[in-house]
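**Student:** Residue numbers (our numbering), protein chains in the order written: chain A, 6 to 118; chain B, 73 to 180. Even glycine gets a Cβ: it sits at the ideal position worked out from N, Cα and C. Predicted model only: the values in this text are computed from it and were never measured. Encoded as structure tokens, here's the structure I'll be asking about.
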Amino acid sequence: DAGITQSPRYKITETGRQVTLMCHQTWSHSYMFWYRQDLGHGLRLIYYSAAADITDKGEVPDGYVVSRSKTENFPLTLESATRSQTSVYFCASSETVSGSPLHFGNGTRLTVT
Amino acid sequence: AQRVTQPEKLLSVFKGAPVELKCNYSYSGSPELFWYVQYSRQRLQLLLRHISRESIKGFTADLNKGETSFHLKKPFAQEEDSAMYYCALRGSNYKLTFGKGTLLTVNP
């Protein structure tokens, strides 16, 4: 789906650096989500947002910060990257309609050295 | 709390054989259940949702509230079905909880 895009697709950063992953959707979906995908853990929810200026923690929020000043954008920031944050990060969005699925972006593969 | 369990990390079948990917859930209310598929190095895509009761690519899944299960089935597997499959549950707060996934390999 071209309606949700993530950038960058690949990122290598050093331990201790701050890095921001971008997510943009064109559907005006109310809900947006950040997941990380790791072998053996599946997809784990980091943060989600029900609307602009409303965010909430998921299962694994430590070390991450999000903001949602506009409905269409939901950036994820790693304040001080650690090697354990090496992962593939997926952004997703959904409508607030029962049964509506999540639409996923292409993912960002982040490596922390 | 909501939880999704996919007991099989890996599942290998031969082409033409039936396949069943298991999913069990834990949730106190009325859940919405989904199956997502991720082909190699691609984004996750919705495969099925229980409210639609549809068949996609030959796959079906029935919600069994008594057994709290939502198993994914296909009578005749194809090589192109090889992928990672995730079962997911959405509760009342609209957040989706995923299982750990099952990697399906269909051998020729």
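Determine the closest residue to A:Gln30 out of A:Pro66, A:Gly21, A:Ala97, A:Gly63, with distance taken between C-alpha atoms.
**Tutor:** Considering only alpha carbons, the answer is A:Ala97.
**Student:** Let me know the beta strand (DSSP E) ranges lying completely inside the stretch 114-144 of chain B, each 3 residues or longer, listed in chain order.
**Tutor:** You should have 117-121.
**Student:** Identify every residue that forms a DSSP beta bridge with A:Asp61.
**Tutor:** Partner(s): A:Tyr53.
**Student:** Taking beta-carbon pairs under 9 Å, can you tell me which members of the stretch 73-103 of chain A lie near chain B?
**Tutor:** Of all residues in the stretch 73-103 of chain A, Phe95, Ala97, Ser99, Thr101, Ser103 have a Cβ within less than 9 Å of some Cβ in chain B.
**Student:** Taking the straight line between their C-alpha atoms, what separation do you get for A:Leu81 and A:Trp32?
**Tutor:** Roughly 19 Å separates the two Cα atoms.
**Student:** On a Cα-Cα basis, can you pick out the residue from B:Pro180, B:Asn179, B:Leu168, B:Lys129 that is closest to B:Ala73?
**Tutor:** The shortest C-alpha separation from B:Ala73 is found at B:Leu168.
**Student:** Output yes if chain A places a C-beta closer than 9 Å to the C-beta of B:Leu161; else output no.
**Tutor:** Chain A contact via Cβ: absent.
**Student:** Does the beta carbon of A:His29 come closer than 9 Å to any beta carbon on chain B?
**Tutor:** No, A:His29 does not count as interfacial toward chain B.
**Student:** Taking only the alpha-carbon atoms, compute the straight-line gap between A:Asn78 and B:Pro180 and give it to the nearest angstrom.
**Tutor:** Using only the alpha carbons, I get a separation of about 44 Å.
**Student:** Of all the CB atoms in chain B, is at least one closer than 9 Å to the CB of A:Tyr36?
**Tutor:** Judged by the 9 Å Cβ criterion, A:Tyr36 is in contact with chain B.
**Student:** Going along chain B in order, which residues have a C-beta closer than 7 Å to the C-beta of A:Tyr53?
**Tutor:** The contacting residues are Lys167.
**Student:** In the structure shown, what three-state DSSP assignment does A:Asp6 receive?
**Tutor:** Low confidence applies to A:Asp6: its pLDDT is 49, below 50, so where it sits in the model is not reliable, and the reading given next is rough at best. In this structure, A:Asp6 counts as coil in the three-state DSSP scheme.
**Student:** Examine chain C for any beta-carbon lying closer than 9 Å to the beta-carbon of B:Leu135, and answer yes or no.
**Tutor:** Given the protein chain composition of this structure (A and B), no chain C is represented.
**Student:** Between A:Ser92 and A:Asp43, which are expected to be in contact by the criterion C-beta below 8 Å, what is the C-beta distance as a whole number of angstroms?
**Tutor:** The pair is a contact, with the Cβ atoms about 5 Å apart (cut-off 8 Å).
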